[in-house]
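Just below is one structure, and these are the notes that go with it.
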Amino acid sequence: MNDATTEYGPSAGGFGLPADEGGPAAGRSAPGARAALLVLADGRFPAGGHAHSGGAEAAVKAGRLRDARDLAAFCRGRLHTTGLTSAGLAAAAALGLDPRALDEAADARTPSPALRATARKLGRQMMRAARAAWPCAELDGLAAAFPRGTHQPIVLGLAARAAGLRPTDAAHCVAYETVSGPATAAVRLLSLDPFQATAVLARLAPDMDEVAARAAAAAAEGIDALPAASAPLLDITAEQHATWPVRLFAS
């Protein structure tokens, strides 16, 4: 795999901000870009995540997720494994690393065929939303290179780059998404008190900060340094969930 950055668009620094003048590649958000992070992380951003439970549905059926305490443990485990891996991919894409090499890295880090298919499906949906929100040559190029979709964290990272956000911002967005999806699903699956679910997310804030920082630091060292943390039980239950004839969530 190639660790080199790629222009993949109008300029190496991205979107009129050369790397030596600031912007995402220099570790600073572009002026006025911080509000874009709120848009990107908003659950109303039409990226398709509402249809997915992040493995929570299978965990509920297996009896491993029954209440707010279980939800906290489930989300913390997911955050420090698949969440860390996804956050690293997003940070690397936001940094400007080669998206083709990142796609290969994502495949290598996703052993479950069901989860690979889910990641690409979500990537296609996020691409549609990102190109509408922040049209740019880099997103157009990624869409052309992967007409059937690339992994969602890569699209998210490039969307963050298009919005003038930093790699750390992209990693934070993925970290939050990793736990907010299962929390929202648990409210529906368990009729869990939404205040309790929100409290779980609030208490995980330090963990999210830690994961985002680790992911961004790894991305700065190149593709070969990206995290490859795994959660085998999530892989196994994702394959089982994909065979269910009736389910509330797509994954």
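Here numbering that gives the first Met the number 0 is used: the sequence shown runs in plain steps of one and ends on residue 250. Note that the Cβ used here is the ideal one computed from N, Cα and C, for glycine as well.
- Within the same chain, Cβ atoms closer than 7 angstroms to the Cβ of residue 182 are found at 70, 74, 196, 199, 200, the five residues on either side in sequence being excluded.
- Taking one beta carbon from each stretch, the region 125-138 and the region 50-62 have fewer than 3 pairs nearer than 8 angstroms; the two do not touch.
- Taken in chain order, the unbroken stretches of alpha helix (DSSP H) that lie wholly in the region 26-95 and span 4 residues or more are 33-40, 55-60, 67-77, 83-94.
- For residue 171, the uninterrupted alpha helix (DSSP H) segment begins and ends at 166-189.
- Between residue 207 and residue 171, the CB-CB gap stays under 8 angstroms.
- According to the DSSP assignment, residue 240 belongs to the alpha helix (DSSP H) that extends over 231-240.
- In terms of Cβ geometry, residue 140 and residue 89 do not form a close pair [threshold 8 angstroms].
- Put simply, of 167, 191, 180, 68 the residue whose alpha carbon is nearest the alpha carbon of residue 36 is 167.
- A distance below 6 angstroms between beta-carbons, with the five flanking residues on each side excluded, links residue 81 to the following residues of its chain, in chain order: 230.
- Under the three-state reduction of DSSP output, residue 220 falls in the coil class, being neither helix nor strand.
- Annotation note: the region 95-123 contains the following uninterrupted alpha helix (DSSP H) runs of length 4 or greater, listed N- to C-terminal: 98-107.
- Assigned with DSSP and collapsed to three states, residue 199 falls in helix.
- Residue 161 and residue 238 have their C-alpha atoms some 34 angstroms from each other.
- In this structure, 85 is the residue among 85, 38, 62 with its C-alpha nearest to the C-alpha of residue 227.
- Annotation for residue 249: 50, 51 place their beta carbon closer than 6 angstroms to its own, counting only its chain and skipping 5 residues before and after.
- A straight-line Cα-Cα distance of about 7 angstroms links residue 178 and residue 78.
- With respect to residue 147, residue 187 sits apart: the two C-beta atoms are not nearer than 8 angstroms.
- In this structure, the straight-line span from the alpha carbon of residue 44 to that of residue 123 is close to 14 angstroms.
- In terms of CA proximity to residue 234, 111 leads the group 48, 111, 41.
- Separation of the CB atoms of residue 164 and residue 93 is rounded to 7 angstroms, and the pair is thereby assigned contact status at 8 angstroms.
- Secondary structure of residue 245 (DSSP, three-state): coil.
- Per DSSP, the continuous alpha helix (DSSP H) segment holding residue 140 begins and ends at 136-144.
- Residues 88, 92, 98, 101 of the same chain have their beta carbon placed closer than 6 angstroms to that of residue 153, with the five preceding and five following residues left out of the count.
- Counting only the Cα atoms, residue 104 lies some 31 angstroms from residue 64.
- Within the same chain, and ignoring the five residues on either side of residue 39 in sequence, the residues whose Cβ sits closer than 6 angstroms to its Cβ are 172.
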